[in-house]
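Engineer:
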Amino acid sequence: MVGTQTVMGGRGMWRAAADMAVDAGTFALCCFAATAFGSNEPWAMGLIAAASGVLLACRLIPMIWSGERPATPWSAYPPLLLFCAFAGAQALFWRRGLPEAGLWSIHTVERHSTVLYLMLAVSYAAAAFLVQNGFGSRRRLRLLWLGVIALGAFEAVYGLVQYMGDYDFIWHFEKASYRGMATGTFVNRNHYALFMNLALCAGAGFLFYRAKRMQGPGDLSLRGVVKHPDSAKLLWFGIVLALMGLAVVFSTSRMGIAAMLGASGAMLVAVRSLEAGRRGVLAGLLVLAAIVGLALYMGLEPVIERFQSIEMSMDYDRMPLWRDAWPMAARHFLFGQGLGSFQWTYPAYETVAPDIPARYAHNDYLQAVAETGVAGLALLLWAAAALWRTALRNLRSASPFVGGIGLASIGAMTAIAMQEITDFGLYIPGVAVMAAVLAGLNLRAAGEAPPR
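So in this note's numbering, the last spot in the sequence shown is 456, and the numbers never skip.
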């Protein structure tokens, strides 16, 4: 009997060590995706796909061996798996060019791109699954949450150093574009702004959780939080959030700034719907006021100039691109022309600057229709609706921990929904992996019991 217990104890230790290694690998994947220039090059994309596959296998094999069931809820996974299966079917049926591809056929016009982005789609679903079914204690889940915020804080400081110090480098490589602007370790300022918005929302959710925990039962009161002996920690945390907001502002990404304001508004409305008083909203407004005040102090001339040129930018950039891309999307309206294939067929429709073909539609909704049709877009919206429903349920939880994750998820999904109207951030692994980790946190929180 003693020998059997020793063997069982040894297996338990090995399983615990393996789980911790997979948890660490999941967070490392998120860090790598962001810091490797946003992982927008094929080599980085392939590495992310391979690493996520290994981590997923290391998580699934012990679960299957022990008969452990995956964590619930599962509501977001059916549409995601159907989307991946649909993209896989596209990769199987290759058509050489546009004339050979019919309206009613599921196909791709560029198989290699479809396979690459299919692998990435599977990787993002795997990242969410790894978070939802890993991090076996409340402490480890909180460490992941804090790790995501710390990664955002690092990117915020890096971007502000670039802006204030005229440091036009990412690591030791000189930036080819967006000089004098905050981009962090991302090549594109818009992708950086969306990443920072996700980190900012994660931080706001954590701030809400800590404040509610300090306050205890009842409505969130500013006076009650301030009187707490650990209130200074919240002040420092608020400063970190202000730095993240400044990084978004000085990325000079117009839609990034709009998405930050939209996400902040959504979170304030969500908090107001929970609290009998207005103290929770007041705390959020104080953080926004700090962001605006610091931005005014540092000077908003570059940001104002960017917004003054918005009409010219829309007339000569976004609108012509969307106008030319729509006939391509309409040609394969039902099932699209293949995930990741936009850049290969768009030049045939481009009428503006044909010598510089666009690789992305700068509107993820339009590009999703062009590549996967309304069928693919419907599956993605189905998954988004499931995540929204889970976030709202989490927000109403009696647990401050679960409620904070729900609030962060509402803000993050609002930022994504807004910014992807004029951008393609979710096609960049550095942003998409962060979004997947937050989605996994959202799903995992739904299965968390209230703290003892």
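All residues carry an ideal CB built from backbone N, CA and C; glycine is no exception.
Quick caveat: nothing in here was measured; it's all calculated off a predicted structure.
1. Is the region 169-185 touching the region 408-419, taking contact as three or more C-beta pairs under 8 Å?
2. Who pairs with THR112 in a beta bridge, going by DSSP?
3. Please list the terminal residues of the continuous alpha helix (DSSP H) segment that includes HIS1.
4. When we look at the beta-carbon of GLN312 and count the other beta-carbons within 10 Å, is it buried (16 or more) or exposed?
5. Count the other CB atoms, across all protein chains shown, that sit within 10 Å of the CB of ALA450; report buried if there are 16 or more and exposed otherwise.
6. For ASN367, tell me which candidate among ASP27, MET264, ALA333 and LEU396 has the shortest Cα-Cα distance.
7. What's the C-alpha gap between ASP23 and GLY444?
8. Can you tell which of LEU383, ILE68 and SER345 has the C-alpha that lies nearest to the C-alpha of ALA365?
9. Hey, how far is the Cα of THR76 from the Cα of LEU60?
10. Could you tell me the distance, in whole angstroms, from the CA atom of ARG144 to the CA atom of GLY138?
11. Can you tell me the Cα-Cα spacing of ARG397 and ALA389, whole angstroms?
12. Looking only at its own chain, which residues have a Cβ that is under 7 Å from the Cβ of ALA501, when we skip the five neighbours before and after it?
13. Considering only the alpha carbon of each residue, which of GLY29, SER127, TRP326 and THR355 lies closest to VAL437?
14. Whether or not the region 57-71 and the region 184-194 are in contact is what I'm after, with contact meaning three or more pairs of Cβ atoms, one per stretch, closer than 8 Å; do they touch?
15. Here's the rule: buried if 16 or more other CB atoms are within 10 angstroms of the residue's CB, otherwise exposed. What is MET67?
16. Determine the direct distance from the alpha carbon of SER257 to that of MET236, and round the result to whole angstroms.
17. Pick out the complete alpha helix (DSSP H) segments inside the region 319-406, 4 residues or longer, and give them in chain order.
18. If you compare alpha carbons, which of ALA374, ALA379 and THR426 is closest to VAL113?
19. I'd like to know whether the C-beta atoms of SER255 and ALA197 end up nearer to each other than 8 Å.
20. Indicate whether GLN423 and ALA263 have their beta-carbon atoms separated by less than 8 Å.
21. My parser needs the alpha helix (DSSP H) runs of 4 or more residues fully inside the region 247-285; what are they?
22. Have a look at the DSSP bridge pairing and note the partners of ILE174.
23. Looking at the secondary structure, which residues open and close the alpha helix (DSSP H) in which LEU447 lies?
24. Using only CA atoms, which one of SER79, VAL356, GLY184 and PRO46 lies nearest to ALA132?
25. Going by the CB atoms, is the gap between LEU278 and LEU399 shorter than 8 Å?
26. So ILE308 is in the alpha helix (DSSP H); what residue range does that whole segment cover?
27. So for PRO46, helix, strand or coil by DSSP?
28. Helix or strand or just coil, what does DSSP make of ARG73?
29. Is the beta carbon of VAL135 closer than 8 Å to that of THR30?
30. Alpha carbon to alpha carbon, how far is PRO82 from LEU300? Give it in angstroms, no decimals.
31. So does the region 89-101 actually touch the region 118-125, counting three or more Cβ pairs closer than 8 Å?
32. Measure the alpha-carbon distance for LEU247 versus ALA129 and round it to whole angstroms.
33. Over the uninterrupted alpha helix (DSSP H) stretch that includes ALA157, give me the two end residues.
34. Let me make sure I understand the geometry here. Which of GLY342, ALA206, ASP328 and MET218 has the alpha-carbon closest to that of SER268?
35. If ILE52 sits next to LEU33, beta carbons under 8 Å apart, how far is it from one beta carbon to the other, in whole angstroms?
36. Identify whether ILE414 lies in helix, strand or coil by the three-state DSSP scheme.
Structural biologist: If we stick to the structure as given:
1. no
2. TRP98
3. Past the boundaries of the shown model lies residue 1; the chain is included only from 5 to 456, so the question cannot be answered.
4. Within a 10 Å sphere around the beta-carbon of GLN312 sit fewer than 16 other beta-carbons, which makes this residue exposed.
5. buried
6. If we check each option's Cα against that of ASN367, ALA333 comes out closest.
7. 16 Å
8. SER345
9. 17 Å
10. 9 Å
11. In this model, ARG397 and ALA389 are separated by some 12 Å (Cα to Cα).
12. An answer regarding residue 501 cannot be provided, because it is not within the stretch 5 to 456 covered by the chain.
13. SER127
14. no
15. exposed
16. Sequence inspection shows Ala at residue 236; the Met mentioned does not correspond to that position. Approximately 32 Å between the Cα atoms of the pair.
17. Within the region 319-406, the complete alpha helix (DSSP H) runs of at least 4 residues are 323-335, 346-349 and 368-399.
18. ALA374
19. Their beta carbons are under 8 Å apart, which means SER255 touches ALA197 by this criterion.
20. yes
21. 258-278
22. PHE177
23. 433-450
24. SER79
25. yes
26. 305-312
27. helix
28. In the structure shown, ARG73 sits in coil (DSSP, three-state: anything other than H, G, I, E or B).
29. Against a cut-off of 8 Å, the Cβ pair of VAL135 and THR30 comes out as a contact.
30. 47 Å
31. yes
32. 30 Å
33. First-last of the alpha helix (DSSP H) with ALA157: 142-168.
34. ALA206
35. ILE52 to LEU33, Cβ: 7 Å. Contact.
36. Looking at ILE414 - three-state DSSP - the assignment turns out to be helix.
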